[in-house]
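In full-length UniProt numbering, the protein residues as written are 1 to 309.
Note that CB positions come from ideal geometry on N, CA and C, so glycine has one too.
Here the structure is a predicted model, which is why all the values come from computation and not from measurement.
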């Protein structure tokens, strides 16, 4: 059950249900992680954790909602690497990701995977690049929206592979995967979680993972680095953030409870099943990660010319 706050430290937390905002539609990795974590957090603190999907504008609508929410620890964001990219991609954002949100903990790191519809006549990255070079601008790749991790990974793939692809943004993994399965788009660089069942059933073909290390969930699939794009290393982390003015003792309690959950055998098994690597770090470590990624992606965004007015 929920523990009462020490005397003089303000109202007990949590004193009501907690809203966990997912800035993407249901069914994607962000949503799956939020629901798995929310279920366990609810048991730990004795209040319901309600997952709310607020998709749109490359995950920035949900982030803006939490940035402007009452800072009492009852509204949280399941953020992701996408938010550090959006800072450079969108010229005007209604919030500052580093100033208006307080990091709690990084939940997991998930590799992205280059998948194609099986009708695409390419069984390797080399063959796919040859196809793309033969018809510049004809092959398409889907993403979770402008300025998301998948968008930038696609742009990086174009740059390092010396090819020209057509980017097709979606609101989330669900509609993207439907079109990929239907052959409306050629490929995607989605996180491994939503496409793993289709890869295993043969409905989609995995050509490479985007991280420097192979994924234990797809041990036979090479990395893009191994496939010839030397040094290619982009994955997707997911983490919890609260409004910036949330009391430090509440952020600390949230961190303690969540890290306990993330390190539990049950949660780690759930993560392995969806191809995710559990993290569970401190707010300070997550803040450093956000700062470093924001700087790293600013350069990639500039080089890839991925700017949205």
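Integer Cβ distance of residue i from residue j, believed to fall under 8 Å
| i | j | result |
| --- | --- | --- |
| residue 30 | residue 238 | 6 Å |
| residue 145 | residue 235 | Actually they do not touch by this definition, with Cβ atoms about 18 Å apart. |
| residue 20 | residue 49 | 6 Å |
| residue 22 | residue 62 | 7 Å |
| residue 242 | residue 224 | Wrong, their Cβ atoms sit about 35 Å apart, outside the cutoff. |
| residue 47 | residue 17 | 6 Å |
Member of the options whose CA lies at the smallest distance from the CA of residue i
| i | options | result |
| --- | --- | --- |
| residue 304 | 125, 199, 151, 28 | 151 |
| residue 308 | 93, 270, 136, 182 | 93 |
| residue 32 | 301, 61, 219, 272 | 272 |
| residue 244 | 164, 67, 35, 54 | 67 |
| residue 218 | 38, 143, 275 | 275 |
| residue 136 | 101, 161, 242 | 161 |
| residue 52 | 200, 27, 246, 158 | 27 |
Residue i burial status per 10 Å Cβ neighbour count (16 or more: buried)
| i | result |
| --- | --- |
| residue 166 | exposed |
| residue 288 | exposed |
| residue 297 | buried |
| residue 269 | exposed |
| residue 124 | exposed |
| residue 292 | exposed |
| residue 188 | buried |
| residue 103 | buried |
| residue 220 | exposed |
| residue 134 | exposed |
| residue 216 | exposed |
Same chain, Cβ closer than 6 Å to residue i, neighbours up to 5 away in sequence not counted
| i | result |
| --- | --- |
| residue 113 | 192, 206, 209 |
| residue 250 | 13, 73 |
| residue 227 | 125, 208 |
| residue 263 | 280 |
| residue 75 | 19, 66, 69 |
| residue 82 | 59, 148, 149 |
Same chain only: Cβ atoms within 8 Å of residue i, ignoring 5 sequence neighbours per side
| i | result |
| --- | --- |
| residue 294 | 84, 87, 88, 97, 98 |
| residue 181 | 117, 198, 203, 204 |
| residue 156 | 232, 234, 300, 304 |
Same chain only: Cβ atoms within 7 Å of residue i, ignoring 5 sequence neighbours per side
| i | result |
| --- | --- |
| residue 195 | 113, 115, 177, 204 |
| residue 185 | 140, 141, 142, 168, 179 |
Segment contact flag, the region 92-112 with the region 240-260, C-beta cutoff 8 Å, min 3 pairs
Flag = yes, the region 92-112 and the region 240-260 touch.
Could you tell me whether the region 95-103 touches the region 161-181, where touching means 3 or more Cβ pairs closer than 8 Å?
No contact exists between the region 95-103 and the region 161-181.
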